[in-house]
Amino acid sequence: MNHLLTTERLVLRPVTAQDQTWLLAHWTAPEVRKFLFDGATPSPAEVTEAVEDSVRDFAAAGYGLWLVRETGGTDLVGTAGLRPLEDLGIEVLYSLEPGAWGKGYATEAARAVVEYALGPLGLAEVLAEVDAGNATSVAVVERLGMTPFEVVPGLLGPMTRYRGTR
Ligand SMILES: CC(C)(COP(=O)(O)OP(=O)(O)OC[C@H]1O[C@@H](n2cnc3c(N)ncnc32)[C@H](O)[C@@H]1OP(=O)(O)O)[C@@H](O)C(=O)NCCC(=O)NCCS
34 MNHLLTTERL VLRPVTAQDQ TWLLAHWTAP EVRKFLFDGA TPSPAEVTEA VEDSVRDFAA
94 AGYGLWLVRE TGGTDLVGTA GLRPLEDLGI EVLYSLEPGA WGKGYATEAA RAVVEYALGP
154 LGLAEVLAEV DAGNATSVAV VERLGMTPFE VVPGLLGPMT RYRGTR
């Protein structure tokens, strides 16, 4: 299965061990990490584990964490990925470098990942779990047309769970 995803403006490729330095810097930026890690700052070991999980999951199941760059560019602008959400199913996640916010890139990357999940990967549904206070992320899942089905308590406040289907 081809794990490289392309959109009108973006290229998404699976993360590798060589990306750990970039991913650590990205995920520890205060504006980026807040809702991704329940207010905590991920350690280098946690980033290494996330990369190793992704490499293993791509090999075994065809999904994991993609890094995003602009078509024709070399700098990474963010991430989009698929990972298990407890025992409920597979969730989509995404993040952008703050300098890349406000261009529609997160929606474009997340849409490509959801379409991959519901298409080539063959999932019946994709989930998302978003802190209710993360307005920009709520807007992304709404633009993707995902449907809220549950609100659960989180460390930073209520989190809404969404599902998207074919
Ligand atoms: C969540 C996050 C990725 C959203 O980023 P974002 O830039 O707001 O979302 P998008 O990339 O989809 O961009 C949408 C915005 O771009 C605008 N835009 C500008 N040009 C556009 C274009 N050509 N096409 C589409 N949208 C465009 C849209 O109007 C929208 O702006 P608005 O919110 O003012 O209406 C970002 O805030 C982030 O990285 N947060 C930290 C990580 C995080 O919390 N992740 C989610 C965990 S659940």
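Taking our numbering, the leading residue of the sequence shown gets 34, the next gets one more, and so forth. Think of the CB as a built atom: it goes at the ideal place given N, C-alpha and C, for glycine as much as any other residue.
Same chain, Cβ closer than 6 Å to residue i, five either side skipped, listed in chain order
i: Ala139; result: Tyr127, Leu129, Val173
i: Leu37; result: Arg46
i: Pro75; result: Trp60
Residue i Cβ short of 6 Å to ligand 1 heavy atom set
i: Ala58; result: no
i: Ala150; result: no
i: Val205; result: The question about residue 205 has no answer here: the residues shown for the chain are numbered 34 through 199.
i: Thr112; result: no
i: Gly137; result: yes
i: Thr169; result: yes
i: Val44; result: no
i: Trp134; result: yes
i: Thr140; result: yes
i: Phe68; result: yes
Cβ shell of residue i (< 8 Å), same chain only, five flanking positions each side left out
i: Ala133; result: Val110, Gly111
i: Thr39; result: Leu45, Thr104, Ala145
i: Glu141; result: Thr40, Glu41, Arg42, Leu43
Neighbourhood of residue i by C-beta, 7 Å cutoff - its chain only, sequence neighbours within 5 removed
i: Asp90; result: Tyr96, Gly97
i: Leu154; result: Gly95, Tyr96
First through last residue of the alpha helix (DSSP H) which encompasses residue i
i: Tyr127; result: Careful: Tyr127 lies outside any alpha helix (DSSP H), inside the beta strand (DSSP E) at 122–129.
i: Arg66; result: 63–66
i: Glu148; result: 138–151
Residue i in three-state terms, based on DSSP
i: Pro75; result: coil
i: Ala165; result: coil
i: Leu57; result: helix
i: Val48; result: coil
i: Thr81; result: helix
i: Glu175; result: helix
i: Arg194; result: strand
Delimiting residues of the beta strand (DSSP E) encompassing residue i
i: Leu115; result: 109–118
i: Glu183; result: 180–187
i: Glu103; result: 98–103
Count Cβ pairs between the stretch 53–64 and the stretch 80–88 that sit closer than 8 Å; are there 3 or more? yes
Say whether the stretch 184–192 touches the stretch 154–161, bearing in mind that this needs 3 or more beta-carbon pairs closer than 8 Å, one atom from each stretch. no
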